[in-house]
Each structure stands twice: as C-alpha cells, then as structure tokens.
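Following UniProt numbering from start to finish, the sequence shown increments by one per residue and tops out at 729.
Scroll down for the structure; my scribbles are underneath it.
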Amino acid sequence: MPKNSKVVKRELDDEVIESVKDLLSNEDSSDDAFKKSELMVDDQEEKDVDVEEGSDVEDERPAWNSKLQYILAQVGFSVGLGNVWRFPYLCQKNGGGAYLVPYLILLLIIGIPLFFLELAVGQRIRRGSIGVWNYISPKLGGIGFASCVVCFFVALYYNVIIGWSLFYFSQSFQHPLPWDQCPLVKNTSHTFVEPECEKSSATTYYWYREALNISSSLSESGGLNWKMTICLLAAWVMVCLAMIKGIQSSGKIMYFSSLFPYVVLLCFLIRGLLLNGSVDGIRHMFTPKLEIMLEPKVWREAATQVFFALGLGFGGVIAFSSYNKRDNNCHFDAVLVSFINFFTSVLATLVVFAVLGFKANIINEKCVIQNSEKILKLLKIGNLSQDMIPHHINFSSITAEDYNLVYDIIQKVKEEEFDSLGLKSCQIEDELNKAVQGTGLAFIAFTEAMTHFPASPFWSVMFFLMLVNLGLGSMFGTIEGIITPIVDTFKVRKEILTVICCLLAFFIGLIFVQRSGNYFVTMFDDYSATLPLLIVVILENIAVTRIYGIDKFIEDLKDMLGFSPSQYYYYMWKYVSPLVLLCLLVASIVQMGLSPPGYSAWIEDTATEEFHSYPTWGMVVCISLMVLAILPVPIVFMVRRCNLIDDSSSSLASVSYKRGRIIKEPVNLEGDNTSLIHGKSPSEMPSPNFGKNIYRKQTGSPTLDTAPNGRYGIGYLMADMPDMPESDL
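Now the structure itself:
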C-alpha cells in the first residue's frame with residue numbers, strides 16, 4: 001500500500017496535536033476533494049512561525065539585522081528634541097535637582113510599565129498598532145487608527161522643526177555667524193542699526209525676521225516663506241528616502257542618527273565645562289528647591305514629560321517591536337531604553353546649563369561694566385560721595401563681587417532716592433532664572449551663547465546637525481507608526497504608501513511655512529496630541545488588562561520571555577498606572593480649561609512678544625484637532641457593536657500575499673477560540689466540515705491556553721475533542 005495512504009492508528013483515549021501540514025501529508029494523494037477544501041493556517045500566524053518551532057514556513061516579516069540596531073531605533077524614537085529643550089526647562093522651573101525625584105518615581109509607575117506593555121504586545125502579535133488592538137478586541141480597533149491620526153498630526157509640524165534646523169545648519173558655514181551682530185540699515189543720509197534688532201537682540205531678530213519673517217498675528221498669513229518651504233521639502237525628502245524600504249533602509253541610518261547626538265552632547269559638555277561661568281549654571285540647575293517639589297503642578301508636568309519622552313501611544317514603539325522575534329527579552333529593552341532616555345535628558349540638561357551659565361556670565365559682565373560707568377558719572381556730578389566707595393575698588397577692572405558690594409552700599413545709603421539712580425543689580429542667578437524652552441532655547445538662547453565660542457561656526461554646525469538627527473530619529477518612529485499598521489492591515493506596497501504619505505504631509509505642511517506658520521506649529525503642538533494620546537494609552541491599558549485579561553497577558557509574557565515578569569508589573573498595569581493616567585487626563589483637561597487658549601505673537605514695532613487669543617476659527621481648528629484624533633475610537637466601536645459592516649465581507653478582510661496566491665482572512669471572529677485555522681464555509685466545502693474540533697492533544701503534552709484569534713500564533717490549534725471513530729479522519 002502506498003506510503004501516503006497509510007493512516008497511523010492511535011488509541012481512542014489518546015489526544016493528538018498535529019499541524020495542518022501533518023494532516024494534509026497523511027491524507028491519500030488521490031483525495032483531491034479534501035485538499036481542495038483549502039484548510040489554511042491564518043497567514044498572520046503562518047508568517048510568524050519561529051524557526052525554533054520546527055516549521056519550514058519561512059518568516060516573511062522584515063526583521064532587525066541586529067539587537068543593537070533595534071535598540072538604537074527605539075532610543076532614536078524616544079530621545080528627541082524634547083530631551084534637549086523641554087526637560088532642562090522643566091528641571092529649572094520645578095525645583096532644580098528636586099524635580100528628578102518625581103520624574104524618577106513617575107518613570108517607574110507609568111513610564112517603564114506602559115513602555116514594556118507596548119513593546120510586549122507589538123512583539124507578541126507582530127503587527128502595527130491597528131492590527132494589535134484589532135487582534136485584542138475588534139471593538140477597540142479604533143485605538144490603532146487614532147494612533148495613526150495623532151502620528152500624522154505630529155509628523156506635520158515636527159518635520160517643520162527639522163526644516164528650521166536645516167536652515168540654521170546651512171547658514172552656519174560662515175564667519176562671523178549671520179546672527180552674531182545686528183544688521184545695519186543705510187539710507188541717503190546715514191547708516192543706523194535695524195530698530196527691531198536694536199530693541200531685542202541679534203539672535204532674536206534673526207530668528208523672527210530673517211528665518212521666519214513672522215507676521216504679527218495668526219490671521220495674517222503673509223504668504224509662503226520660500227526659504228523655509230525649500231527646507232521643509234528637503235526634510236520630507238530625507239524622511240522619505242530613509243523610510244521607503246522600511247526598517248531595511250531606516251535601520252542602517254539609525255547607527256548615525258541615534259549615536260551622533262551623544263557625540264555632540266559630550267563634546268559640548270567638555271567644551272562647556274572649560275568656559276567661564278559654566279559651573280555657576282550647573283550649580284544653579286541642580287540646587288534643589290524642595291518646597292516646590294510638593295506642588296501638584298510639578299508632578300503633573302513630570303508625568304506629562306515621562307509620557308511623551310518615551311513616545312507612548314504613538315504606535316512607533318509597537319511598530320518597531322513588531323519586527324522582533326517572539327523570544328526577544330522585551331522587558332530588558334523597556335528598562336534599558338527608559339533609563340537611556342532619562343540619562344540623556346540629564347546629560348542634555350548639564351550641557352544646556354553649562355552653556356547658559358557661560359552666556360549668563362557674559363551678560364552679567366556687560367551689566368557690571370555698564371552700571372559701573374553710571375556710578376562714575378554719578379560720582380562726577382556729585383550725586384554720590386566718593387566716601388561711599390571702598391578704597392580697594394577699581395572701576396576700570398571691577399569684578400562682579402566688587403560691583404555688588406558697591407551696589408549694596410549705595411542702596412543702603414541712598415535708600416529713598418535709589419530708584420532714581422537707575423542702577424541694576426547684576427546677579428548671575430537673575431539671568432539664569434529666565435527660563436526658556438523650545439525654539440526660544442534652541443534658536444535664540446543657545447544660538448546666542450555659541451556666538452561667543454571660539455570657532456563658533458564649527459559649534460553651530462555641530463549643534464544644528466545634532467538637532468536634525470534628533471528630529472529624524474523621532475520622525476522615523478512616528479512615520480513607522482503610520483506606515484506599518486496600514487501596510488499590515490491593507491497590504492499596500494510600503495514604497496508607494498511612504499511616498500504618498502510624505503507628499504501629502506508636505507503639501508499640508510505648507511501652512512507651517514507661511515509667515516504665520518510658527519503660530520500654527522504652536523497650535524498643533526498644544527492641541528493635536530496631548531489629550532488624544534492620554535485617552536489612547538488609557539484605552540490600551542484597559543484593553544490589555546480588562547478585555548484581553550491581565551492573567552492571560554502575564555502568561556503570554558512568560559511564554560515569550562522564558563520567565564514570569566515581576567508581580568510589580570501586574571499591580572502597576574491593573575491598578576496604579578490606569579489611576580495615574582486618569583488623574584493626569586483630568587489634570588490636563590483642568591489645566592487646558594484654566595489656561596486661556598492663545599499664542600505669543602511677535603510684534604515688530606515693539607520687538608516683543610504679546611499674548612493673543614485664538615480667533616473663533618482658530619478655536620474651531622483646535623477643537624477639531626482633538627476630536628479628529630480620537631474620533632476613530634467611537635466610530636470603530638459603533639461599527640463593530642452594531643454590525644454595520646458584515647465581518648465576512650471583503651471590506652473587513654485583510655489580504656495576505658503569500659507565494660503567489662491571495663488569501664482573504666476574516667478579521668473579526670469573535671468568540672471563536674479556534675480561529676487560527678480558517679476553512680471555507682460548509683456549503684463551499686466538498687469534504688466533510690470538521691467544525692471546531694479538528695485536532696486532538698496528545699496525553700502528557702504541555703497544556704497550552706488559547707486566546708481569541710490564537711495565543712501563540714505558530715500554526716497549532718489547541719482544542720479538546722471527544723473521541724471519534726478513526727474513519728472520521
């Protein structure tokens with residue numbers, strides 16, 4: 001009898017586990033009817049079979065070339081511009097070194113646990129954000145779409161900042177730097193300093209007038225700024241070329257884009273520590289103000305910074321981890337990347353305040369010289385007596401300490417008429433207390449400090465190249481959070497989708513390179529991401545812990561990691577993190593309600609910033625951004641809940657391309673624990689329909705739980721079935 005026609009006999013009380021391949025190979029080759037039934041393994045699981053499981057099915061999902069490449073990608077995504085220009089500001093504003101205490105506590109409570117959760121679900125299910133949350137609960141599939149919308153909103157304005165950095169980078173190859181001095185204006189009679197620059201400063205003038213050519217209000221568009229339009233186009237071309245092949249192309253760039261900023265930061269730190277006044281800046285930075293640490297606002301801002309520093313809710317974390325093998329130690333990755341992010345923020349803070357300390361020292365020296373000249377004039381005209389001045393004071397080479405001594409003496413002696421003298425207290429702390437963040441730090445304060453460096457063009461080139469790389473690292477993760485879910489769900493070509501996405505984003509992004517574009521950047525930064533992402537992450541936590549099941553999730557982690565994660569994560573995921581996130585959401589809504597919605601407009605005549613409220617149409621845009629970002633969640637829920645679209649229709653089927661054939665896979669098979677294997681309906685099947693109970697489990701084999709849509713994703717179905725006659729098989 002032919003070998004293929006033999007049926008292996010087993011005892012009726014034995015339970016057998018056999019793969020689909022085993023069943024088909026044991027059938028008679030002439031039984032075409034059975035083979036035509038097209039009993040197929042879900043393509044998702046078929047593709048994801050690990051080599052260790054003994055399957056000969058080739059894993060077709062792209063994978064990282066090395067663990068280092070993956071870690072650099074996650075670090076590049078999480079370490080961004082906020083680490084350089086947001087964290088130092090918050091640290092200074094909220095108690096100096098004392099701010100690190102609430103930040104670290106919240107990093108342990110919500111940062112690492114939620115980062116670990118996103119890494120784990122991405123690695124376990126091996127899909128982008130849409131596929132992951134649709135797998136866990138089809139009714140919550142809108143979470144993934146919401147993440148994509150937020151990613152798109154953020155990418156629109158984030159790449160504009162990269163464009164600004166490219167502009168400054170291109171202008172840094174000249175000596176002296178173009179923002180070193182105020183420009184001169186010539187007319188028919190004489191030459192004079194540009195009034196707008198004279199009222200502000202050279203770097204402030206260059207930023208608002210030369211770079212942005214900013215208008216005076218949001219409503220005054222002023223047309224396109226062609227210089228920034230070209231820079232924005234260059235930024236999107238860079239992103240498109242890096243992302244067009246997915247992680248195969250962007251992964252190689254990560255070696256430079258993720259590591260280069262650390263080289264620059266270390267160079268700036270070494271150079272900054274050698275500058276006069278740098279120690280004053282660092283001392284001021286890390287002097288703890290313990291009384292401020294107890295304020296609720298400090299904890300709210302620390303929680304917000306932890307949340308956004310790790311890129312939670314964007315989908316980029318899930319997308320990157322989905323290209324890992326299932327046995328990768330994602331717990332180690334979560335802890336490692338989180339602390340790299342934290343120490344990068346501390347390193348950036350050291351650099352920023354070493355340089356700002358140097359800048360404050362220079363400004364303080366100018367203050368001492370100017371006020372010393374005033375004192376000399378007052379001595380000459382007799383308003384002040386020479387007897388007040390200590391004998392060792394030499395005004396031609398006076399130090400800051402000597403000036404402050406003279407200042408205190410004059411203030412005590414001339415107490416009643418002191419204000420009329422016009423003298424200023426030249427304290428370096430006063431200058432350091434002028435907290436700046438964001439573009440004000442990068443393009444004004446830090447840029448001004450670099451003009452005083454020896455070989456300033458070199459340091460300017462390094463600084464803005466660092467900003468470009470920090471921005472690109474975050475952009476890669478953001479775009480991956482859009483591309484990967486769409487490719488996984490709709491099976492479009494990644495190259496075409498990447499080009500379309502970048503082109504669309506560039507044309508929409510033209511609103512940010514108008515003369516009023518900076519105000520739109522502020523609007524999107526304030527309203528497009530904060531509340532929607534908080535809601536998304538809260539729903540992610542609920543989906544895993546309440547709907548999928550925290551115990552089931554812990555078991556999945558045990559199978560993936562080879563060990564059971566600490567009970568600490570169990571309590572964080574189930575109780576603490578959701579509560580903290582809910583409090584943060586409420587606090588953010590309250591803060592948004594108490595703060596008048598508006599923006600800081602640059603007024604050319606006075607050369608100062610002035611707060612303007614958003615016009616009515618501006619408020620509509622702000623509200624629309626938040627609503628559009630979170631709208632996919634209720635829409636998908638209602639579609640699924642009310643069965644508005646037939647799940648078996650082609651519109652809800654994901655299409656997998658495998659070895660030249662197309663397999664349609666129904667996405668939503670609720671309540672079917674055997675959905676790893678999809679056959680045709682009974683009416684379409686010429687062979688007998690075995691229903692749910694196809695496989696039997698061998699006695700003594702390990703017991704493996706099943707989950708909706710399959711827990712292990714390796715092509716096996718674990719289902720108990722009653723004993724049946726051998727002829728039924």
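Note that CB positions come from ideal geometry on N, CA and C, so glycine has one too.
Counting along the chain, Lys359 sits inside the alpha helix (DSSP H) bounded by residues 330-381. Judged by DSSP secondary structure, Trp133 falls within the alpha helix (DSSP H) whose first and last residues are 129-136. Between Phe173 and Pro457 a beta carbon distance of about 6 Å is seen, short of the 8 Å cut, so the two are scored as contacting. Under the three-state reduction of DSSP, Ile398 is assigned to coil, being neither helix nor strand. Between Ala400 and Val368 a beta carbon distance of about 5 Å is seen, short of the 8 Å cut, so the two are scored as contacting. In its chain, beyond the 5 residues on either side, Trp459 have a beta carbon closer than 6 Å to the beta carbon of Phe453. Under DSSP, Trp602 takes part in a beta bridge, and its partners are Glu609. Taking C-alpha positions only, Val337 is separated from Phe358 by approximately 32 Å. Taking 8 Å as the cut-off, the beta carbon of Leu265 is found no closer than this to the beta carbon of Ala354. About 29 Å separates the beta carbon of Ser516 from that of Ser147, a gap too long to meet the 8 Å contact definition.
Excluding residues up to 5 positions away in sequence, Ile444 lie with their Cβ nearer than 6 Å to the Cβ of Thr204 in the same chain. Taking the Cα of Val346 as reference, the smallest distance to any Cα among Trp602, Phe286, Thr616, His391 is reached at Phe286. Under the 10 Å beta carbon count, Val590 is surrounded by fewer than 16 other beta carbons and is classified as exposed.
Ranked by Cα distance from Met619, the first of Phe520, Glu210, Ile71 is Phe520. In summary, Lys558 is exposed, with fewer than 16 beta-carbon neighbours lying within 10 Å of its beta-carbon over all protein chains present.
In the three-state DSSP reduction, Leu224 falls in the strand class (E or B). Asn341 sits close to Ser78, with the two beta carbons spaced by under 8 Å. In the DSSP annotation of this structure, the continuous segment of the alpha helix (DSSP H) that includes Lys494 starts and ends at 494-508. Contact between Ser588 and Phe153 fails: their C-beta atoms lie close to 17 Å from each other, not under 8 Å. Under DSSP, Gln514 shares a beta bridge with Leu224. For the set Gly272, Phe637, Ser201, the Cα lying nearest the Cα of Pro183 is the one of Ser201. Shown here for Leu233: not one same chain residue has a beta carbon closer than 6 Å to its own, the five before and five after excluded. Counting the other CB atoms within 10 Å of its CB gives Ala455 a total below 16, which places it among the exposed residues. Annotation for Thr530: the continuous alpha helix (DSSP H) segment containing it runs 530-542.
A straight line joining the alpha-carbon of Pro178 with that of Trp207 spans about 11 Å.
Counting along the chain, Val636 sits inside the alpha helix (DSSP H) bounded by residues 632-641. Within the same chain, Cβ atoms closer than 6 Å to the Cβ of Gln171 are found at Pro178, the five residues on either side in sequence being excluded. Assigned with DSSP and collapsed to three states, Leu594 falls in helix. Put simply, the backbone Cα of Ser397 is about 15 Å away from that of Ile362. A distance below 8 Å between beta-carbons, with the five flanking residues on each side excluded, links Met254 to the following residues of its chain, in chain order: Gln69, Leu72, Ala73, Gly76, Gly473, Phe476. Non-local beta-carbon contacts of Tyr569 in its own chain, meaning distances under 6 Å to residues more than five positions away in sequence, involve Pro113 in chain order. Minimum Cα-Cα distance from Leu106 among the listed residues Phe307, Leu274, Ile162, Leu384 corresponds to Phe307. Counting along the chain, the unbroken beta strand (DSSP E) around Thr191 starts and ends at 191-193. If you ignore the 5 residues before and after Asp488, its C-beta comes within less than 6 Å of the C-beta of Arg127, Gly128, Gly131, all in its own chain and listed in chain order.
Between Val84 and Leu470 a beta carbon distance of about 7 Å is seen, short of the 8 Å cut, so the two are scored as contacting. About 36 Å separates the beta carbon of Gly97 from that of Pro390, a gap too long to meet the 8 Å contact definition.
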